[in-house]
Amino acid sequence: MENKEDESKLKAAQKQINDDVQDKFNNNDTDVQTQEEDNGQRQEEDLNLGDTSSLTVTERNELFQRGLEYEQKGLPNLALQCYRGCINGLKSKSLFVLLPQCLHNIAHIYREQENYEQAIHFAQAEKLFYETSLIETEEIQKKIEEIGTGIGDAPKDINDLNIHALQAEEYEHLAKLCLDKNQ
């Protein structure tokens, strides 16, 4: 019974992350504006990314890399457009492994621009992502322990094996996220 409650809390937290990020993305399209070239300053334009909600994993990763390049070149508004394009339309259980880094970078840019309300919001979304990942890890660990205590018993149902394989994939995904965060 407790596992079902944990599962529903986890799903609610994941949905809240996705909804919050999507709301912030949709409500702040006016944040990125064109700046005129003045006294040697670089000109920043709207990238006109269009609808990024249906990007593939590879396209999202490439857009994230573009954002990193803009940020390194000192073009934070262009980087912000790329990062926000990456998170537009993300669904629960999507495979965008750069999500926590993307949220972190968005928060960092807003902090640098002294837009603290937005910075806090995206920092909280990043924190919620990691908390959700920890909950998932605990659930996977419980399942592994349950399997371990069942050694020597009757063979497992094929559906149970499929669930455990899926959970192993989720654990592998979490490990990749942790590795990406350490880069």
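Per the UniProt record's numbering, the very first residue in the sequence shown carries number 1; after that it's consecutive. Think of the CB as a built atom: it goes at the ideal place given N, C-alpha and C, for glycine as much as any other residue. Computed from a prediction, not measured in an experiment: that's the story for all the values here.
Checklist entry - Would DSSP call V97 helix, strand or coil? => result For the purposes of this step, residue 97 is taken as the residue at position 97 of the sequence shown. If DSSP states are grouped into helix, strand and coil, V97 belongs with coil.
Checklist entry - If we count the other Cβ atoms within 10 Å of its Cβ and call it buried at 16 or more, is Y116 buried or exposed? => result To locate residue 116, count along the sequence shown from 1; it is residue 116. Exposed, since its Cβ has fewer than 16 Cβ neighbours within 10 Å.
Checklist entry - Exposed or buried, what is N48 when buried is set at 16 or more other beta-carbons lying within 10 Å of its beta-carbon? => result Working through the sequence shown from its first residue, we reach residue 48 at position 48. N48 is exposed by the Cβ-count criterion.
Checklist entry - By a C-beta neighbour count over all protein chains shown, 10 Å radius and 16 as the cutoff for buried, is T52 buried or exposed? => result Within the sequence shown, residue 52 is the residue found at index 52, counting from 1. With a threshold of 16 other beta carbon atoms within 10 Å, T52 meets it and is buried.
Checklist entry - DSSP on S92, reduced to helix/strand/coil? => result Against the sequence shown, residue 92 aligns to sequence position 92. If DSSP states are grouped into helix, strand and coil, S92 belongs with coil.
Checklist entry - Contact check, I109 vs L80 under 8 angstroms by CB: the rounded distance? => result Taking the first residue of the sequence shown as 1, we reach residue 109 at position 109. Taking the first residue of the sequence shown as 1, we reach residue 80 at position 80. That belief holds up - the Cβ atoms of I109 and L80 are roughly 5 angstroms apart, short of 8 angstroms.
Item to check | Residue burial classification, G148 (beta-carbon count within 10 angstroms, cutoff 16) | outcome: Looking up residue 148 in the sequence shown gives position 148. G148 is exposed by the Cβ-count criterion.
Checklist entry - Between the C-alpha atoms of residue 184 and E59, what's the straight-line distance to the nearest angstrom? => result Absent from the model: residue 184. The displayed extent of the chain is 1 to 183, so no value can be given.
Item to check | Within 8 angstroms, strictly: CB atoms of L55 and L63 | outcome: Numbered from its first residue, the sequence shown carries residue 55 at position 55. Numbered from its first residue, the sequence shown carries residue 63 at position 63. Yes, the Cβ-Cβ distance between L55 and L63 is below 8 angstroms.
Checklist entry - Between V57 and L95, what straight-line distance do the alpha-carbon atoms span, to the nearest angstrom? => result The residue you call residue 57 lines up with position 57 of the sequence shown. The residue you call residue 95 lines up with position 95 of the sequence shown. Computed Cα separation, rounded: 7 angstroms.
Item to check | Rounded separation between F25 and R66 - CA only | outcome: The sequence position of residue 25 within the sequence shown is 25, counting from 1. The sequence position of residue 66 within the sequence shown is 66, counting from 1. Confidence in F25 is poor, its pLDDT being 48 and thus under 50, which makes the residue's placement unreliable; the coordinate value appears in the next sentence. Distance between F25 and R66, taken at the CA atoms: about 18 angstroms.
Checklist entry - Of the residues E45, N61, K73 and N77, which one's Cα is nearest the Cα of I87? => result Translated into the one-based positions of the sequence shown, residue 87 becomes position 87. Closest by alpha carbon: N61.
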